[in-house]
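The structure appears right after this line, and notes come after that.
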Amino acid sequence: MPDAPDRPALADDVLAGRRRAVARAITAVETAAGDGAAGDLGGADALVDALYPHTGRAWRVGVTGPPGAGKSTLVDRLVGAFRARGQTVGVVAVDPSSPFTGGALLGDRVRMDRWAEDDGVFVRSLAARGALGGLSEAAEAACDVLDAAGYDVVLVETVGVGQGEIDVAETTDTTLVVLVPESGDAVQAMKAGLMEVADVFCVNKADKPEAGRLVRALRQALHLRAAAAPPVVTASALNDEGVGGVVEALDAHRAGLDAEATREARLRRRVRRLVEAQWRRQFWAGGRGAALADAVAALDPAERAPHRLAARLLAAPPAPSVEPGRGGVEREA
Ligand SMILES: Nc1nc2c(ncn2[C@@H]2O[C@H](COP(=O)(O)OP(=O)(O)OP(=O)(O)O)[C@@H](O)[C@H]2O)c(=O)[nH]1
Ligand SMILES: [Mg+2]
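Residues 158 to 490 (our numbering) are what the sequence shown spells out, left to right.
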C-alpha cells in the first residue's frame, strides 16, 4: 500500500490504552458502520486500518443465544473469572434493542455497573442500526479498538436471532452459545443457525428443571451431526455456579485454535464483506435504482421478465452525472 495515510492521532491514544480514546474510537466506527456504509467507514476506516496491525493479541469470545437466556448475566460472571486470573477484559454488548428482539439495553448497563471502578474492564453497548453487514463491521471494528488498546479478552454479546446477528459470531475466535431449558429444545437452536457457529454450548439456568433433558437432547443432536461435537457444559449464571467449567471449555477451544489461520480467514471474510457492501452501494447509486423503476413501469406486464431486466441493468453503464454519494459518512477519525 504505497500511500498509507498518517496515523490518526486518536489511534495513538487508543494504542496508549486511554479509556476516553477507546470510547471515542468505538463511537466513530459504530456511527460509520451504522450509516449503512459498511464498505466505507469515512474517516473511521483510516482509524481501523491504523489500529489493525496492532491487533491479534486479544482473545475474542462471542456469547450468543436466544433473548433472555442469561447471556449478560453470564458475561458478567466471565468478566469476574477472567479478572480473577489477572486478565483485562473488554465487553461489547451488541444493542439488543434491534428490530429483531426489542430487549433491555438498560439491564446490561445496570449489571455491568459493578465494573465501572475497575480499570481492567471496559464495557460498551453497540448499536449499529440498519445495515446487516454494518453490524458485523461495527462489532469487528470495536473488537479491533479494544484489542489494540491492550485488553486481553474481548467478550461480544449478541442475541442469536437473525442472520445479521449470527454473522457477528463469525468475527470472534471462540463462540459460546447459551441455551436455556425454557427456550425450547435443541431443534430450536438448530433452526436459528446457532449449531453451526457454536464452539462451546452452555445450558444456563441449570437451577431450573428440564436442564438435564436439554443437555441430553443437545448432545444427541450434536453427535448426529458430527463426530467431533462441541462440548456442552451447564451453569447457573445467576448463582455463579458452573462458570469455572464454562471458562475451562472456552480455554480448551482456544488452545486448539490455529490463531494465524483464524485471523487470516477472518480478514478474508471481512474484506469480502466490505467490498460487497461498497459495490452494492456504488451500483445502485449510479442511477440504476431509477432505471429499474422506469423499466418496470414502462414494460407491459406481459413483457416483464426478471432475468432479462437484471441482465439489462448489469450491462448498462452508470449514469455519469450521479456521484456514488458517501451518504454523510465523512467524519473525524
Ligand atoms: N433462574 C435463573 N435465572 C437466570 C440465570 N441467569 C440469568 N437469569 C435471569 O434471566 C433473565 C435474563 O438474563 P440476562 O442476563 O439479561 O439475559 P440475556 O440473554 O442477556 O438477555 P437479552 O440480552 O435481553 O437477550 C434475568 O432475569 C436473569 O436474572 C440462571 O442461571 N438461573
Ligand atoms: Mg443481554
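Backbone N, C-alpha and C fix where the C-beta goes; we use that ideal spot for every residue, glycine too.
Would you report the Cα separation of residue i and residue j, rounded to the nearest angstrom?
i, j, result
"C300", "R217", "7 Å"
"V390", "R177", "37 Å"
"L470", "P458", "18 Å"
"E421", "L456", "47 Å"
"F440", "E433", "10 Å"
"R425", "K365", "42 Å"
"L231", "D408", "16 Å"
"T245", "T419", "22 Å"
"L449", "Q320", "28 Å"
"A368", "A384", "23 Å"
"V248", "A467", "43 Å"
"L336", "D356", "13 Å"
"V186", "L208", "12 Å"
"D304", "P338", "34 Å"
"A168", "G444", "37 Å"
"V372", "L351", "15 Å"
"A306", "A363", "36 Å"
"M269", "W436", "39 Å"
"L431", "G222", "26 Å"
Using three-state DSSP, classify residue i as helix, strand or coil.
i, result
"G219", "strand"
"E322", "helix"
"A459", "helix"
"E274", "coil"
"V267", "Because the pLDDT of V267 is 48, which lies under 50, any placement of that residue in the model is unreliable, and the question is left without a value."
Could you spell out the range, first to last residue, of the beta strand (DSSP E) harbouring residue i?
i, result
"L312", "V310 to V316"
"T332", "T331 to L336"
"L283", "V278 to L283"
"G247", "V246 to V251"
Can you name the start and end residues of the alpha helix (DSSP H) that residue i belongs to?
i, result
"S393", "Careful: S393 lies outside any alpha helix (DSSP H) and carries neither H nor E."
"L449", "G446 to A455"
"A241", "K228 to A241"
"E339", "Segment: none, E339 is in no alpha helix (DSSP H) and carries neither H nor E."
"A422", "A416 to F440"
"G402", "V400 to A412"
"G350", "Unbroken run through G350: none, as it is neither H nor E."
"H380", "A368 to R382"
"A363", "Note, A363: premise wrong, no alpha helix (DSSP H); not H, not E."
"A207", "G200 to L208"
"D170", "A166 to L172"
### Message
Could you check whether the region 397-405 touches the region 232-250, counting it as contact only if at least three pairs of C-beta atoms, one from each stretch, sit closer than 8 Å?
### Response
yes
### Message
I'd like to know if the region 200-214 and the region 326-335 are in contact, where contact means that at least 3 CB-CB pairs between them fall below 8 Å.
### Response
no
### Message
For the pair the region 368-382 and the region 401-416, tell me if three or more CB-CB distances fall below 8 Å.
### Response
no
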